[in-house]
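Participant: Oh and the sequence shown: position 159 is 368 in the numbering used here, straight run, nothing missing.
The beta carbon of each residue, even a glycine, is placed where N, CA and C say it ideally should be.
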Amino acid sequence: MTGINRESAALIVVDAQNFILNEKGLNAEWGVLKHAKDTDMIENTKEAIAKAREYSIPIIYLKVILRPQTLHAIGFWKPLLEIDFSKISPEEEEFQTGFVEELAPRSEDFIVVKYNAMNGFFNTDLEQILKGLKRDTLVFTGAITNLCLETTVRGAFDRGYNIIVLSNCTASINAELQKFSIEVVFPMLGEVCTLGELEIVS
210 MTGINRESAA LIVVDAQNFI LNEKGLNAEW GVLKHAKDTD MIENTKEAIA KAREYSIPII
270 YLKVILRPQT LHAIGFWKPL LEIDFSKISP EEEEFQTGFV EELAPRSEDF IVVKYNAMNG
330 FFNTDLEQIL KGLKRDTLVF TGAITNLCLE TTVRGAFDRG YNIIVLSNCT ASINAELQKF
390 SIEVVFPMLG EVCTLGELEI VS
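1. Within the same chain, show all residues whose beta-carbon is closer than 7 Å to that of R344, passing over the 5 residues directly before and after it, in chain order.
2. Going straight from the alpha carbon of Y370 to that of A225, what length do you get?
3. Cβ of F366 within 7 Å of Cβ of L398?
4. Any heavy atom of the ligand SAH closer than 6 Å to the beta-carbon of C378?
5. Can you tell me whether F309 is buried or exposed? The criterion is at least 16 other CB atoms within 10 Å of its CB, across all chains shown.
6. Just the C-alpha distance for L342 and E359, rounded to the nearest angstrom, thanks.
7. Within the same chain, show all residues whose beta-carbon is closer than 7 Å to that of G212, passing over the 5 residues directly before and after it, in chain order.
8. For E311, collect the residues of the same chain with a Cβ closer than 6 Å to its Cβ; drop the 5 residues on either side in sequence, then sort them by chain order.
9. Does the stretch 376–383 touch the stretch 319–334, meaning 3 or more C-beta pairs lie closer than 8 Å?
10. Out of curiosity, what's the CA-to-CA distance linking T248 and E238?
11. For N227, which option in F319, T346 and I353 has the closest C-alpha, if you only look at C-alpha atoms?
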């Protein structure tokens, strides 16, 4: 079992957005949605969120906003450069960047917006929120495991946070990439466990 103190922990939900984890998502063909379905990632993450609420642990959602006018200028994430954003209506853009219904935040949750960036700490108020909440232990869930989630975990490690990654609450492009992050990268930065192995104490 991996134990955390409810008074010092925060649950981080990384990029649980429609463009990645919805069948109508622009990037549904990347494979993340398939991997999430194969591993019950969305249902497991839903349970993790419910558990955090039960113990009054703050939940912080990370959300990436894709600014089409700057994607090409900065050369951000090559697969996204293939999308013709000029054909996407404001309503469709809102849907794509919105959270998947099963994991949607509530009014009491925190939402941290990333603009054309993978790292949740880069040019955001994530660290200010964590300091204000006096949280030093971060429990990570979300997608994409080997990209935005891993980049944010590395950022948390560099800032001295205690890190726990819930392996069955994350999804990657395929099982091979998922395995490398879970078995090789994350154990060097913190702890890895399943939701069932997480014990919350006060």
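Facilitator: So, from the listed chains and residues:
1. Same-chain partners within the cutoff: S217, A218, A219 and P267.
2. Roughly 22 Å between the two C-alpha positions.
3. The answer is yes: Cβ separation under 7 Å.
4. Although the ligand SAH was asked about, the structure shown includes no ligands whatsoever.
5. For the record, residue 309 in the displayed sequence is Val; it is not Phe. Flag for V309 reads buried.
6. Spanning the alpha carbons of L342 and E359 requires a straight line of approximately 23 Å.
7. So the list reads E408 and V410, once near-sequence residues are dropped.
8. I251 and K255, listed in sequence order.
9. Verdict: no, contact absent.
10. Cα to Cα, T248 sits roughly 17 Å from E238.
11. Looking at the Cα atoms, I353 is the closest of the given residues.
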